[in-house]
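K.L.:
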Amino acid sequence: MPLTREESSPLFAGTAAGTLRLIFYLAMAMVLMVLDHRNGWLWRMRYATAIVVEPVYRLVSLPADGAHELGVAFADRRMLTEQNQRLREDLLLANAKLNRMAAVAQQNQRLKELLDTQHSLELHVQLARVIGVDMGAFRHRMMINLGARDGIKTGQPVIDAHGVMGQIIDVLPNSASVMLVTDPDHALPVMVERTGLRTIAYGSRNGEQLTLPTIPMAADVRAGDKLLTSGLGGRFPEGFPVGEISAVAPAASGMFLEAHANPSADLDRSDEVLVLHDLAEPAGPPPPPSPAGPPSDEAPVPAPASTAALPRPAILVKPAPAHSASTPAGVPQT
């Protein structure tokens, strides 16, 4: 509170006692400063006083510090929770992208293998994507995304980077159905790569193997032999991998050997396939001769080619009858 003019401070009173008191205080201050500068007594006093007063300061500031710490704790907890949630979302997104990248890398690898197969063999093919698979007990089929509008026709072979998958059996405008080589209704002419033995590989009901039931008993066939397309029948080109023989045993009839083979193609894993346009040259027995028989009554009988060379037969002239007596000479008889 400011002092009025009538009131005066006793320290600065205008009396002689006030002046002496001021001089004493100044001298005392100077002595204390000199002592503090030379010996550090006041610093020691302040240090000891601070040791005593510091717990009081801490005790007084404890509620405020506690409230601040609680606020910071709640704020940090909320911030950490939000940050943890964001990190979880980023981790899930990164894992999804990583999985997608792995799938894309595998797809690129399969496409590269297909393109390498196409370039190495110089085939006229079309790349198709598998859009459906039917691996039931009685039929092994798949659908591709190419159809009649893309030039697909019934009977075209379908392969992947590892071997023969099957053939087109039904064509729609924008899709086609493929019968796999493991279908029970499918038969494929094959040959054993090691010996050149030709036989037929049939599908099986389990959808995982091929069956070769008509191998001669004296044939040299072993487990591990590779099967290739033989080219017979004019449907599949020669030399494409078909499978690998896994087991050979006598058939139930005892007249043949029966072998089982694992398909070379990835029938249950391929997402992209190749449709061949280069069909095999027909190989087999000659076509039957045209039917021959007697010509029909309406059709003229052609003369043999050697008729013109035959000598023309002599023409016999019948002599004229004798003239009667009443007919004058030189007049022809009517």
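Position 143 of the sequence shown, counted from 1, bears residue number 544 in my numbering, the numbering being contiguous throughout. Cβ coordinates follow ideal geometry from the N, Cα and C atoms, glycine included. It should be emphasised that the depicted structure is a prediction, and the values quoted were computed from it without experimental measurement.
Going by C-alpha distance, which of Leu433, Ile616 and Asn546 is nearest Ala652?
P.N.:
Measuring from the Cα of Ala652, the nearest candidate turns out to be Ile616.
K.L.:
For the stretch 549 to 557 and the stretch 567 to 576, state whether three or more C-beta atom pairs, one from each stretch, are separated by less than 8 Å.
P.N.:
With the cut-off at 8 Å, the stretch 549 to 557 and the stretch 567 to 576 touch.
K.L.:
Within 8 Å, do at least three Cβ pairs link the stretch 626 to 638 to the stretch 603 to 610?
P.N.:
At 8 Å Cβ cutoff, the stretches do not touch.
K.L.:
On the CB-based measure, 16 or more other CB atoms within 10 Å of its CB, does His438 come out buried or exposed?
P.N.:
His438 is exposed by the Cβ-count criterion.
K.L.:
Taking the continuous beta strand (DSSP E) assigned at Met566, which residues delimit it?
P.N.:
Looking at the DSSP string, the run of the beta strand (DSSP E) that includes Met566 is Val565 to Val572.
K.L.:
Out of Arg459, Leu611 and Met434, which has the shortest C-alpha to C-alpha gap to Met566?
P.N.:
Of Arg459, Leu611 and Met434, the residue nearest in Cα terms is Leu611.
K.L.:
What separation, rounded to the nearest whole angstrom, lies between the Cα atoms of Val674 and Leu668?
P.N.:
The straight-line gap from Cα to Cα measures roughly 10 Å.
K.L.:
Whole angstroms is fine: what's the gap from Leu460's alpha carbon to Phe475's?
P.N.:
Cα to Cα, Leu460 sits roughly 23 Å from Phe475.
K.L.:
Sort out for me which residues DSSP pairs Ala648 with in a bridge.
P.N.:
Ala648 pairs with His661.
K.L.:
Report all residues from its chain with a CB closer than 7 Å to the CB of Ala620; omit the five preceding and five following residues, and keep chain order.
P.N.:
Result list for Ala620: Leu598 and Leu658, in chain order.
K.L.:
Let me confirm a value: Pro714 is counted as buried when at least 16 other C-beta atoms fall within 10 Å, else exposed. Which label applies?
P.N.:
Interpretation of Pro714 is limited by its pLDDT of 39, a score under 50 that renders its predicted location unreliable; no figure is taken from the coordinates.
K.L.:
Does Gly644 pass the burial test, meaning 16 or more other C-beta atoms within 10 Å, or should it be called exposed?
P.N.:
The residue is buried, with at least 16 neighbouring Cβ atoms inside 10 Å.
K.L.:
Look at Ile646 and Asp626 and say whether their C-beta atoms are less than 8 Å apart.
P.N.:
Yes, Cβ-Cβ distance for Ile646 and Asp626 is below 8 Å.
K.L.:
In the structure shown, what three-state DSSP assignment does Gln527 receive?
P.N.:
In this structure, Gln527 counts as strand in the three-state DSSP scheme.
K.L.:
Going by the CB atoms, is the gap between Pro642 and Gly564 shorter than 8 Å?
P.N.:
It is a contact, given that the beta carbons lie within the stated cut-off.
K.L.:
Can you tell me where the alpha helix (DSSP H) holding Met434 begins and where it ends?
P.N.:
Looking at the DSSP string, the run of the alpha helix (DSSP H) that includes Met434 is Ala417 to Asn440.
K.L.:
Do Thr795 and Leu589 have their C-beta atoms closer together than 8 Å?
P.N.:
With the chain covering 402 to 735 only, the question about residue 795 has no answer from this structure.
K.L.:
Between Pro570 and Val559, how many whole angstroms is the CB-CB distance? I'm expecting something under 8 Å.
P.N.:
In the sequence as displayed, the identity of residue 570 is Ile instead of Pro. Not really, about 10 Å apart at Cβ, beyond 8 Å.
K.L.:
So what does Tyr458 bridge to, in DSSP terms?
P.N.:
Answer by DSSP bridge pairing: none, since Tyr458 is not bridged.
K.L.:
Which value, in whole angstroms, describes the spacing of the CA atoms of Asn500 and Ala506?
P.N.:
Using only the alpha carbons, I get a separation of about 10 Å.
K.L.:
Can you check which of these residues, Phe425, Ala417 and Met592, is closest to Leu613 by C-alpha distance?
P.N.:
Ranking the options by Cα distance to Leu613, first place goes to Met592.
K.L.:
Could you check if Ala666 is buried or exposed, using at least 16 other CB atoms within 10 Å of its CB as the buried criterion?
P.N.:
Per the 10 Å Cβ criterion, buried.
K.L.:
Which whole-angstrom value is the C-beta distance of Asp586 and Arg542, which I expect to be below 8 Å?
P.N.:
Not confirmed; about 10 Å, so no contact.
K.L.:
Under three-state DSSP, which class holds Lys554?
P.N.:
Here Lys554 sits in coil by DSSP.
K.L.:
For Ile545, does the count of other Cβ atoms within 10 angstroms reach 16, so buried, or fall short, so exposed?
P.N.:
Flag for Ile545 reads buried.
K.L.:
Tell whether a beta-carbon distance below 8 Å holds between Ala624 and Ala648.
P.N.:
In contact: Ala624 and Ala648 (Cβ atoms closer than 8 Å).
K.L.:
Excluding the five sequence neighbours on either side, which residues of its own chain have a C-beta within less than 7 Å of the C-beta of Ile553, listed in chain order?
P.N.:
For Ile553, where only same-chain residues beyond five positions count, the Cβ hits under 7 Å are Leu547, Ile569, Val572, Ala577 and Val676.
K.L.:
Please tell me whether His661 and Val526 are closer than 8 Å, where the distance is taken between their beta carbons.
P.N.:
Going by C-beta atoms, His661 is not nearer than 8 Å to Val526.
K.L.:
How far does the beta strand (DSSP E) with Arg599 in it extend, from its first residue to its last?
P.N.:
Element bounds for Arg599: Arg599 to Gly604.
K.L.:
Alpha carbon to alpha carbon, what distance is there between Thr482 and Val473?
P.N.:
Roughly 14 Å between the two C-alpha positions.
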